[in-house]
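Numbered according to this note's numbering, the sequence shown spans residues 6 to 291. Everything on this sheet refers to the single structure shown next.
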Amino acid sequence: MTVGSGGAGGGPTKDATQPKVLLVDLDDTLYRCPKIPAIVKQRIQEYMVQKLGISEDEVAAKTLNLYLSHGTTLCGLVASGYRIDFDAWHEFVHQGALDYDTLLQPDPSLRDILCSIDLPKYILTNANKVHTERCLARLGLSDCFQGLFYFENVMELAAQRGIDVSHAVLCKPDPRIYSLVAEQLGVRLSEVLFFDDSARNVAAAHGLGAKTVLVGAEKPCPGADLALPTMHALPAAMPQLLDQPGLVHEHHARGHGRGADALVVGVGAGAGPSGSSAIAVSVPAS
Ligand SMILES: [Mg+2]
């Protein structure tokens, strides 16, 4: 499967099925700040030692093994039988540990790129709501997205759909999360263009039919249709996605784009083929 418009010179060839929705990861995809994952990793290990009684000798290896085997360390810990207060966890490893104003800076160029894409755009992250909203606010990207899928509302949606999350966490790259989100948005996964910095997250979405972009890489991994060093390279790589750059703010303010329609589809009670509930997608404040 290829992504993008056709062209001579070896560029991507046009695909018959153009995306209807962009689904975008947050951390290490919309921004790059090596200090943030380093701090989060340190705090995760501190939590495991201080709160869960895991020995300092084994915490580093355990963190890595759980992350690799379950998608996130939190998911792995829960699957291993640890009982964890999710709100306390996220406070400890994310918003309570990160000085967002120092670590992140507004990114007006990325804002222009995203606002120039006349397709509904949603965040899909394993992180929690507060972290997601604070990152987007600091980056100046809050109103670039029609909705946010993060830890809390993904877990609620999973429970609604009969996925047992009483003693489990649903997160990327579990294939069920992509199906759940697509169903919630009323689109097929083949109509989703998914961006993530994680090769395994990309591969999982691709395996379900999504078009995929690996961000933070020069070359695609298996399961990625395209690679971008950063999201800022998107206009050059996929120019067909952009709609009248330069008019983006006026367009956005009018709210006449397809994104505005998708907002209704995404969050309306009973909207979409799934008859979705009111829990649905969190809409960022703008
Ligand atoms: Mg990421």
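For each residue, glycine too, the CB sits at the ideal point set by N, CA and C. All figures in this text were calculated on a predicted structure; none of them were measured in a lab.
Asked	Found
Inter-residue CB distance, C140 and L31 (contact presumed, cutoff 8 Å)	6 Å
Complete runs of the beta strand (DSSP E) confined to the segment 93-164 [at least 3 residues]	126-129, 152-154
T34 beta carbon near ligand 1 (any heavy atom closer than 7 Å)	yes
Three CB pairs or more closer than 8 Å across the segment 206-215 and the segment 234-244	no
contact_flag[the segment 129-144, the segment 110-118] where n(CB pairs < 8 Å) is 3 or more	yes
Closest by C-alpha distance to L71, when choosing among Q50, A204, P111, T137	Q50
Cβ neighbour criterion (16 or more within 10 Å) applied to G101	exposed
Cβ-based burial, K177 [other Cβ within 10 Å; buried from 16]	buried
Any 3 or more C-beta pairs closer than 8 Å across the segment 172-187 and the segment 204-211	yes
Cβ-based neighbour list, F97, same chain, cut-off 8 Å, excluding 5 preceding and 5 following	R48, E51, Y52, K56
Any non-hydrogen atom of ligand 1 closer than 7 Å to S203 Cβ	yes
Continuous beta strand (DSSP E) stretch holding L73: start and end	From DSSP, L73 is part of no beta strand (DSSP E) but of the alpha helix (DSSP H) over 61-75.
R37 versus G221, G228, A241, residue with shortest Cα-Cα distance	G221
Buried/exposed call for L73, threshold 16 Cβ in 10 Å	exposed
Cβ-Cβ distance between P24 and V218 below 8 Å	no
Where A215 falls: helix, strand or coil (DSSP)	coil
Pairwise C-alpha distance: A187 and R193	6 Å
Of the listed residues G86, T34, S85, Y155, nearest to D112 (C-alpha basis)	T34
Where the beta strand (DSSP E) containing L231 begins and where it ends	231-233
The alpha helix (DSSP H) enclosing V54, as first and last residue numbers	40-55
Contact test: D30 Cβ vs ligand 1 heavy atom, cutoff 7 Å	yes
Enclosing alpha helix (DSSP H) for V83 [first to last residue]	78-84
K126 versus V29 - alpha carbon distance	7 Å
Reference K134, options D123, F154, S121, L124, closest by Cα	F154
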